[in-house]
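Here the protein sequences come in this chain order: A and B.
The numbering used here numbers the first residue of the first sequence as 10 and each following residue consecutively.
The numbering used here numbers the first residue of the second sequence as 10 and each following residue consecutively.
2 protein chains.
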Amino acid sequence: MRKKEIFENIKRKKSFLCVGLDTDITKIPKHLLSTEDPVFEFNKQIIDATLSLAVAYKPNVAFYESLGADGWMSLKKTIDYLNQFKDDVFTIADAKRGDIGNTSKLYAKAFFETLDFDAVTVAPYMGEDSVSPFLSYQDKWVVLLALTSNKGADDFQNSVLINNNRLFETVLTTAQTWGNDENMMFVVGATRAEMLTDVRKIVPNHFLLVPGVGAQGGKLEDVATYGINKECGLLVNASRNIIFASADKDFAIKAKEEASKLQKDMQKVLEINNLI
Amino acid sequence: MRKKEIFENIKRKKSFLCVGLDTDITKIPKHLLSTEDPVFEFNKQIIDATLSLAVAYKPNVAFYESLGADGWMSLKKTIDYLNQFKDDVFTIADAKRGDIGNTSKLYAKAFFETLDFDAVTVAPYMGEDSVSPFLSYQDKWVVLLALTSNKGADDFQNSVLINNNRLFETVLTTAQTWGNDENMMFVVGATRAEMLTDVRKIVPNHFLLVPGVGAQGGKLEDVATYGINKECGLLVNASRNIIFASADKDFAIKAKEEASKLQKDMQKVLEINNLI
Numbered sequence: 010m011r012k013k014e015i016f017e018n019i020k021r022k023k024s025f026l027c028v029g030l031d032t033d034i035t036k037i038p039k040h041l042l043s044t045e046d047p048v049f050e051f052n053k054q055i056i057d058a059t060l061s062l063a064v065a066y067k068p069n070v071a072f073y074e075s076l077g078a079d080g081w082m083s084l085k086k087t088i089d090y091l092n093q094f095k096d097d098v099f100t101i102a103d104a105k106r107g108d109i110g111n112t113s114k115l116y117a118k119a120f121f122e123t124l125d126f127d128a129v130t131v132a133p134y135m136g137e138d139s140v141s142p143f144l145s146y147q148d149k150w151v152v153l154l155a156l157t158s159n160k161g162a163d164d165f166q167n168s169v170l171i172n173n174n175r176l177f178e179t180v181l182t183t184a185q186t187w188g189n190d191e192n193m194m195f196v197v198g199a200t201r202a203e204m205l206t207d208v209r210k211i212v213p214n215h216f217l218l219v220p221g222v223g224a225q226g227g228k229l230e231d232v233a234t235y236g237i238n239k240e241c242g243l244l245v246n247a248s249r250n251i252i253f254a255s256a257d258k259d260f261a262i263k264a265k266e267e268a269s270k271l272q273k274d275m276q277k278v279l280e281i282n283n284l285i
Numbered sequence: 010m011r012k013k014e015i016f017e018n019i020k021r022k023k024s025f026l027c028v029g030l031d032t033d034i035t036k037i038p039k040h041l042l043s044t045e046d047p048v049f050e051f052n053k054q055i056i057d058a059t060l061s062l063a064v065a066y067k068p069n070v071a072f073y074e075s076l077g078a079d080g081w082m083s084l085k086k087t088i089d090y091l092n093q094f095k096d097d098v099f100t101i102a103d104a105k106r107g108d109i110g111n112t113s114k115l116y117a118k119a120f121f122e123t124l125d126f127d128a129v130t131v132a133p134y135m136g137e138d139s140v141s142p143f144l145s146y147q148d149k150w151v152v153l154l155a156l157t158s159n160k161g162a163d164d165f166q167n168s169v170l171i172n173n174n175r176l177f178e179t180v181l182t183t184a185q186t187w188g189n190d191e192n193m194m195f196v197v198g199a200t201r202a203e204m205l206t207d208v209r210k211i212v213p214n215h216f217l218l219v220p221g222v223g224a225q226g227g228k229l230e231d232v233a234t235y236g237i238n239k240e241c242g243l244l245v246n247a248s249r250n251i252i253f254a255s256a257d258k259d260f261a262i263k264a265k266e267e268a269s270k271l272q273k274d275m276q277k278v279l280e281i282n283n284l285i
């Protein structure tokens, strides 16, 4: 999917919501556990319930990987199901991979071929040759970690270098020599919304994937104030607040209600910014 | 496995060799492709051939993941096979994972429970709470990326901070407040052997996992000169040079020959340093 199409979907759905499929088998409704593949069955019902409200879905690979080969089967079924709506939703494997070139090439194969995701999250620590194999795929995206939503982001990402830039700013600047705003996005946590001003100085046109709204404490209004651009430029992720809104048989209905609240708030943001 | 046991194995086998199971299905001998699980069959024969010469094995998870659920089955069979020799070899999942706390917890579960590895490689970019869930397992290890063997290491890892330390040095220093030399090791590439002097100033007692000898150009003698400590403190990884020494039916014999050459060089290093 190209940037233009992402923005078209945002305008059509009046939403820049990304639903995080952090599908924890210990938290899904009990009645699903007797189905053949409870994780996929849960995801399918969440997707069906939220499809009109979300422009992106982001399975968190750790939750699948922790179940071994079975988890990978559930992940495969989930992306195959999402790909029935290929023009309608952008798909992100939240995997935070990154290794030397010949190995990153295999990770790219895993997420762009074996599993046909539009995008994968990548960690920048190992530099250009760990990221570039993901950029060699047409119409696929790297979502590079810049400033994450967790406390640990202060350990290194906020460190100041001798050139007076912080590490995450150097990552943003350097990464622009590797790709462009048609094949790269950046992760910037909603818990650090005020820093989106600094981020936008460096990457005015890139899409940003913003986790941390909801359970982690980030506020949508702040993210929009500091981060929005002329093509919206934001995919705001919500996971637990939506998918675990209820642990009962009404989980999909409750998930839709939560997604709908966020969509309405996002519609206001888009209207205020004259984007719809 | 504890540090003392790793050193005992090093002295007994006169080797600090780690065999990297970067098992590329496009490179394994053709006659194996008709077996039920060619990747596992290849690994099994490599393990059998090199078990007396190596103290550690390190499957590179990307190679398995690129094959989807089938690859995860092969990885599971490989670690289960290795765990028949639990006191004899240290096992490392080369996965380079790392995410916010609740997600890293699931990655830890994947590699320490679903797959019973001794250690997993972790990327430091997201800081303490992305690493600490791996450290909560008794007798399990985090192998944290510090200074990697690839060209891209210069993009960020070698960046100088305002305190005049390079980023990888800050990672080494900071990580010591999270764990200790009984549950953490660090990745330092053999292609930067001279920098092991700087690394050893910060982490004199930790084991280092050193990739990059062989195919990537690093030299064992240099690694030993700059990196060895009183408990050896080195696990030197070799992958392609050993496992793909031959693409024919003699692949295991040739792998053993290559591993044996490295073991003999390592024995000399251990003798010169009065460790055996």
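All C-beta atoms in this analysis are idealised placements derived from N, C-alpha and C, irrespective of residue type, glycine included.
Under the three-pair Cβ rule at 8 Å, the region 148-160 of chain A does not count as touching the region 160-176 of chain B. Spatial neighbours of V232 of chain B in its own chain (CB-CB distance under 8 Å, excluding positions within 5 residues in sequence) are listed in chain order as A199, A202, L205, V219, V222, L243, V245. At a cut-off of 7 Å, the C-beta of E45 of chain B has no neighbouring C-beta in chain A. Within chain B, the C-beta atoms nearer than 8 Å to that of Y116 of chain A come from A71, E74, S75, in chain order.
About 10 Å separates the beta carbon of P38 of chain A from that of K263 of chain A, a gap too long to meet the 8 Å contact definition. For Y66 of chain B, DSSP records a beta bridge to B:V28, B:T100.
Contacts with chain B (Cβ-Cβ distance below 8 Å) from the region 147-160 of chain A involve L154, T157, S158, N159, K160, listed in chain order. Within chain B, no C-beta atom comes less than 8 Å from the C-beta of V131 of chain A; the nearest is roughly 10 Å away. Within the region 163-198 of chain B, complete beta strand (DSSP E) segments of at least 3 residues are found at 193-197, given in chain order. Not a single C-beta of chain A is nearer than 7 Å to the C-beta of I252 of chain B. Within the region 184-213 of chain A, contact with chain B at the beta-carbon level (separation under 7 Å) is assigned to no residue. The C-beta distance from F165 of chain B to L181 of chain B rounds to 15 Å, too long to fall under 8 Å, and the pair is not in contact. For V208 of chain B, the enclosing alpha helix (DSSP H) has its first and last residue at 205-211. Assignment of N52 of chain A by DSSP, reduced to helix, strand and coil, places it in the helix class. In the DSSP assignment, V222 of chain B falls outside any beta strand (DSSP E) and carries neither an H nor an E. Residue contact check for A63 of chain B against chain A: no CB pair falls below 7 Å. By the C-beta density criterion, K118 of chain B is buried, having at least 16 other C-beta atoms within 10 angstroms.
Taking C-alpha positions only, E178 of chain B is separated from I211 of chain B by approximately 8 Å. Any Cβ of chain A closer than 7 Å to the Cβ of T112 of chain B would place that residue at the interface, and such an atom is present. For the region 238-262 of chain B, the set of residues with a beta-carbon nearer than 7 Å to any beta-carbon of chain A is empty.
Around S255 of chain A, the same chain offers P38, I262, K263, A264 as residues with beta carbons nearer than 8 Å, after the five sequence neighbours per side are excluded. Relative to the Cα of V131 of chain B, the nearest Cα in the group B:S141, B:E122, B:T123, B:F25 belongs to B:S141.
At a cut-off of 7 Å, the C-beta of L41 of chain A has no neighbouring C-beta in chain B. Interface with chain A (7 Å Cβ-Cβ cutoff): S83 of chain B is excluded.
Close CB contacts of L144 of chain A within its chain, under the 7 Å cut and outside five residues either way in sequence, are with V151, W187, G188, N192 (chain order).
Sequence-ordered contacts of the region 161-173 of chain B with chain A read G161, A162, D163, D164, F165, Q166, S168, V169, L170, I171, N172, N173 [C-beta pairs closer than 9 Å]. 7 Å or more divides the Cβ of A102 of chain A from the Cβ of V64 of chain A. Per DSSP, N214 of chain B lies in no alpha helix (DSSP H) and is assigned neither H nor E. Between the alpha carbons of S61 of chain B and K114 of chain A lies a distance of about 32 Å.
Look at G29 of chain A: its C-beta is not under 7 Å from any C-beta on chain B. No Cβ-Cβ contact shorter than 7 Å links D274 of chain B with L217 of chain B. Annotation: N173 of chain A to S168 of chain B spans about 12 Å, alpha carbon to alpha carbon.
The beta carbon of N250 of chain B sits closer than 7 Å to those of G223, A224, E267, all from its chain and outside the five residues before and after it, given in chain order. Residue environment analysis places N52 of chain A among the buried positions, since at least 16 neighbouring C-beta atoms fall within 10 angstroms of its C-beta. Contact between the region 277-285 of chain A and the region 16-29 of chain A is established, with three or more Cβ pairs separated by less than 8 Å.
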